[in-house]
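2 protein chains.
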Amino acid sequence: MNYKDLYKNILAKRSFLCVGLDSDPALFPPVLKEVENPVYEFNRAIITQTAPYAVAYKLNLAFYEAEGEQGWRQLRMTVDYLKANYPDILIMADAKRGDIGNTAKRYARAFFETLSFDAVTLAPYMGEDSIKPFLQYEGKWAVVLALTSNPGADDFELQRLEDGMPLYEKVIRKTVELGSEDNTMFVIGATRPGKLREIRRYCPHHFFLVPGVGAQGGTIKEVAENGMNDHCGILINASRSIIFADNSTEYALAAGRKAEEMAREMSLYLPEDPSVI
Amino acid sequence: MNYKDLYKNILAKRSFLCVGLDSDPALFPPVLKEVENPVYEFNRAIITQTAPYAVAYKLNLAFYEAEGEQGWRQLRMTVDYLKANYPDILIMADAKRGDIGNTAKRYARAFFETLSFDAVTLAPYMGEDSIKPFLQYEGKWAVVLALTSNPGADDFELQRLEDGMPLYEKVIRKTVELGSEDNTMFVIGATRPGKLREIRRYCPHHFFLVPGVGAQGGTIKEVAENGMNDHCGILINASRSIIFADNSTEYALAAGRKAEEMAREMSLYLPEDPSVI
């Protein structure tokens, strides 16, 4: 999937919503207690109800790894289910991997070949060789951490370098040189809309994956007004506020309603006519 | 395991060798082609022959993840085998995880509870909240990337901040405040022995995990002379040079010989009398 395909899907669904499958069994509704593959069954139900309003799903690896090999099996089952039933939806592994070239190649294989993810999040600390192997796959995406929405962003990401440039800006400028807007995105938190606007000045064309709307304080309005470009250019991620909207047997329907509500707000910022592309 | 226990093992074995189980099936000897759990069988054979000379094993997650859920199963089998047979050996997950607090907690559970690792490598890009959850486990270790041995280290790690301090130094100074020498180590590449000596000035007590000896150009002598402290304080990792020393049916014996050779050199830098502790 290239950026034009992604924009086409955004216009068709009138949404730039990414649903985060942070599927923590400890928070599952009681109805899933006795099920054989609870993580997969939960995901499948959530996907069925939210897919009309979502252009991407992001699977947070930590929640699957915490379940060991059963977690990885259900991760694979979820990705396979998405691929088979929703071929137009972008499937992202929120894995934040980052390692030397030789090892990074194996991570790329893990997510793009062994599993059928379209995109994977990467931590840039180790530099260029930790990112490049992910850019060798046609139609796949490296989603590089730039400025995250957590308090720890102050510790290193926001530190200024000798030339006055903050580290996250150096990361963006360096990474932009490695790939293109067809295979590279950046993670930029919703909690700093002013920074979104600033980043757009030197990174006008790339898609941004934006977490931090809702509980963390960011709003769709601020993100859209400060972060969008001429092909939308943003995916807003919401996880817990959607998937754990309700704990009853109706949990999936509630997730669908929440996703619909977010998409409705997003549609206000998109052009009416899908032929603009 | 605390740092004194680790030093005790180092003195007992007269070695500070960590064997890296970067167990890539594509490089396995032909004798393992028809085996049911080739990664596990390979690891078990390598461990049996190298354990007399190793105080730690480091499992590089990328190579297991590239095999999907079968990889995770054999990862778990390997950790269980080590725990059952070599309780004094430190078992490290080379996973380079790093995420917001809520997610980091799940990664900590994945490696320290679901799997029985003693230590996990972490990427510090996202700051304090990505490290802290790993320090809540008694006897477990957070091994934080500081200055790595790859070319990409120049891109961000070695960049100077406004106050003249390189990023990797900021990472070390910040992280030292969060934990103690009983639960925190740093990854420092062997390829920059001068930096090792410099880092020892402001980080005298912590253990360093040192990759990059051998193929990448670092030597045991340089690392020992520049990086050791009064309780050894270094673990030198070697992966491919040991585990893929030979491709015949004698591969494990060859790995054992290579590990023995490295340990013999390491012993030159350790005190003769194990009662010094």
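Quick mapping for you: the protein sequence lines, in order, are chains B and X.
Going by my numbering, the first residue of the first sequence is number 1, and it counts up by one from there.
Going by my numbering, the first residue of the second sequence is number 278, and it counts up by one from there.
Where is the CB? At the ideal position from N, CA and C, for every residue including glycine.
Just confirm the distance between the C-beta atoms of Cys509(X) and Tyr284(X), as a whole number of angstroms; I'd bet it's less than 8 Å. Position 232 of the second sequence, counting from 1, holds the residue named residue 509(X). Position 7 of the second sequence, counting from 1, holds the residue named residue 284(X). Going by Cβ atoms, the distance from Cys509(X) to Tyr284(X) rounds to 6 Å, so yes, they are a contact pair.
Quick one: measure Cβ to Cβ for Val332(X) and Leu294(X), integer angstroms, because I've assumed they're closer than 8 Å. To locate residue 332(X), count along the second sequence from 1; it is residue 55. To locate residue 294(X), count along the second sequence from 1; it is residue 17. Their Cβ separation, rounded to whole angstroms, is 7 Å, which keeps Val332(X) and Leu294(X) in contact under 8 Å.
With 8 Å as the limit, tell me which residues of the region 486 to 501 of chain X have their beta carbon closer than that to any beta carbon of chain B; keep them in chain order. Flagged: no residues at all.
Is it the case that the Cβ atoms of Thr121(B) and Val210(B) are separated by a distance below 8 Å? Position 121 of the first sequence, counted from the first residue, corresponds to residue 121(B). Position 210 of the first sequence, counted from the first residue, corresponds to residue 210(B). With respect to Val210(B), Thr121(B) sits apart: the two C-beta atoms are not nearer than 8 Å.
Beta-carbon of Asp432(X) versus every beta-carbon of chain B: anything under 8 Å? Locating residue 432(X) in the second sequence gives position 155, where the first residue counts as 1. Closer than 8 Å: yes.
Assuming Ile497(X) and Glu542(X) form a contact by the criterion Cβ under 8 Å, report the distance between their Cβ atoms to the nearest whole angstrom. Numbered from 1 along the second sequence, position 220 holds the residue referred to as residue 497(X). Numbered from 1 along the second sequence, position 265 holds the residue referred to as residue 542(X). Approximately 5 Å separates the beta-carbon atoms of Ile497(X) and Glu542(X); this is inside 8 Å, confirming the contact.
Between which two residues does the alpha helix (DSSP H) carrying Phe42(B) extend? Start at 1 with the first residue of the first sequence, and residue 42(B) comes out as number 42. Looking at the DSSP string, the run of the alpha helix (DSSP H) that includes Phe42(B) is 38 to 50.
Round the Cβ separation of Ile323(X) and Ala529(X) to the nearest angstrom and send it over; I've been treating them as touching at under 8 Å. In the second sequence, residue 323(X) corresponds to position 46, counting from 1. In the second sequence, residue 529(X) corresponds to position 252, counting from 1. Right, their Cβ atoms sit about 6 Å apart.
When the cut-off is 8 Å and only beta carbons count, does Asp230(B) lie next to chain X? Locating residue 230(B) in the first sequence gives position 230, where the first residue counts as 1. Chain X contact via Cβ: absent.
Beta-carbon of Ala522(X) versus every beta-carbon of chain B: anything under 8 Å? For the purposes of this step, residue 522(X) is taken as residue 245 along the second sequence, with counting starting at 1. Chain B contact via Cβ: absent.
With DSSP as the reference, identify every bridge partner of Pro306(X), one or two as the case may be. Along the second sequence, read from residue 1 onward, the residue named residue 306(X) stands at position 29. DSSP output for Pro306(X) lists no bridge partner at all.
So, does the CB of Asp288(B) fall closer than 8 Å to a CB anywhere in chain X? Only positions 1 to 277 of chain B appear in the structure, and residue 288(B) is not among them; the question remains open.
Selected residue, minimal CA-CA separation from Thr327(X), among Pro548(X), Leu545(X), Ile519(X), Tyr546(X): The residue labelled residue 327(X) in the question sits at position 50 within the second sequence. When only C-alpha atoms are compared, the closest one is Ile519(X).
Compute the beta-carbon to beta-carbon distance between Ile98(B) and Pro124(B), rounded to the nearest angstrom, for a pair I have assumed lies under 8 Å. Sequence index remark: in the first sequence, residue 98(B) carries index 98 (1-based). Sequence index remark: in the first sequence, residue 124(B) carries index 124 (1-based). This sequence places Gly at residue 98(B); Ile is not what is there. Cβ atoms of Gly98(B) and Pro124(B) come within 8 Å of each other, at about 6 Å.
Quick one, are the C-beta atoms of Gly152(B) and Glu405(X) less than 8 Å apart? The count along the first sequence starts at 1 and reaches residue 152(B) at position 152. The count along the second sequence starts at 1 and reaches residue 405(X) at position 128. It is a contact, given that the beta carbons lie within the stated cut-off.
Let's see if you can read the secondary structure: which residues bound the alpha helix (DSSP H) around Thr398(X)? Within the second sequence, numbered from 1, the residue matching residue 398(X) stands at position 121. For Thr398(X), there is no enclosing alpha helix (DSSP H); the enclosing beta strand (DSSP E) has its first and last residue at 396 to 399.
Asn229(B): which of Pro204(B), Gln159(B), Phe117(B) sits nearest, CA to CA? For the purposes of this step, residue 229(B) is taken as the residue at position 229 of the first sequence. Minimum Cα distance to Asn229(B) is reached at Pro204(B).
Could I get the ranges of all uninterrupted alpha helix (DSSP H) runs contained in the region 442 to 477 of chain X, with 4 residues as the minimum, in chain order? Assignment of alpha helix (DSSP H) within the region 442 to 477 of chain X, counting only whole runs of 4 or more residues, yields 444 to 455 in chain order.
Under a Cβ-count criterion, where at least 16 other Cβ atoms within 10 Å of its own Cβ denotes burial, should Tyr168(B) be classed as buried or exposed? Looking up residue 168(B) in the first sequence gives position 168. Label assigned to Tyr168(B): buried.
Taking DSSP's pairing of strands, which residues face Cys232(B) in a bridge? Counting from one through the first sequence, the residue named residue 232(B) turns up at place 232. Looking at the DSSP output, Cys232(B) sits in a beta bridge with Asn229(B).
Residues bridged to Leu94(B) by DSSP? Counting from 1 along the first sequence, the entry for residue 94(B) is found at position 94. Residue identity differs from the one stated: residue 94(B) is Asp in this sequence, not Leu. Listed as beta-bridge partners of Asp94(B) by DSSP are Asn60(B).
With a threshold of 6 Å on Cβ separation, who are the neighbours of Gly212(B) within its own chain once the five nearest residues in sequence on each side are excluded? Position 212 of the first sequence, counted from the first residue, corresponds to residue 212(B). Here the set comprises Ser149, Gly189, Ala190, Thr191, Gly218.
Closest by CA to Ala515(X), which one among Asn503(X), Lys535(X), Ser525(X)? Numbered from 1 along the second sequence, position 238 holds the residue referred to as residue 515(X). Of Asn503(X), Lys535(X), Ser525(X), the residue nearest in Cα terms is Lys535(X).
Within chain X, partners of Ala110(B) - CB distance below 7 Å: Taking the first residue of the first sequence as 1, we reach residue 110(B) at position 110. Those are Ala339, Glu342, Ala343, listed as they occur along chain X.
Does Arg437(X) have its Cβ less than 8 Å from a Cβ in chain B? To locate residue 437(X), count along the second sequence from 1; it is residue 160. The beta carbon of Arg437(X) sits closer than 8 Å to some beta carbon of chain B.
With 8 Å as the threshold, decide whether the Cβ of Ala400(X) is near any Cβ in chain B. As a position in the second sequence, residue 400(X) is number 123, starting the count at 1. Closer than 8 Å: yes.
Would you call the region 153 to 165 of chain B in contact with the region 433 to 449 of chain X, where contact means no fewer than 3 C-beta pairs closer than 8 Å? Yes, since at least three Cβ pairs between the region 153 to 165 of chain B and the region 433 to 449 of chain X fall closer than 8 Å, the two stretches touch.
Measuring CB atoms only, is the region 17 to 26 of chain B touching the region 57 to 72 of chain B, in the sense that at least three cross pairs come out at less than 8 Å? As far as the Cβ criterion goes, the region 17 to 26 of chain B touches the region 57 to 72 of chain B, which means the pair count is three or higher.
Chain X within 8 Å of Ser130(B), Cβ atoms only: For the purposes of this step, residue 130(B) is identified with residue 130 of the first sequence, where counting begins at 1. With its beta carbon less than 8 Å from one in chain X, Ser130(B) belongs to the interface.
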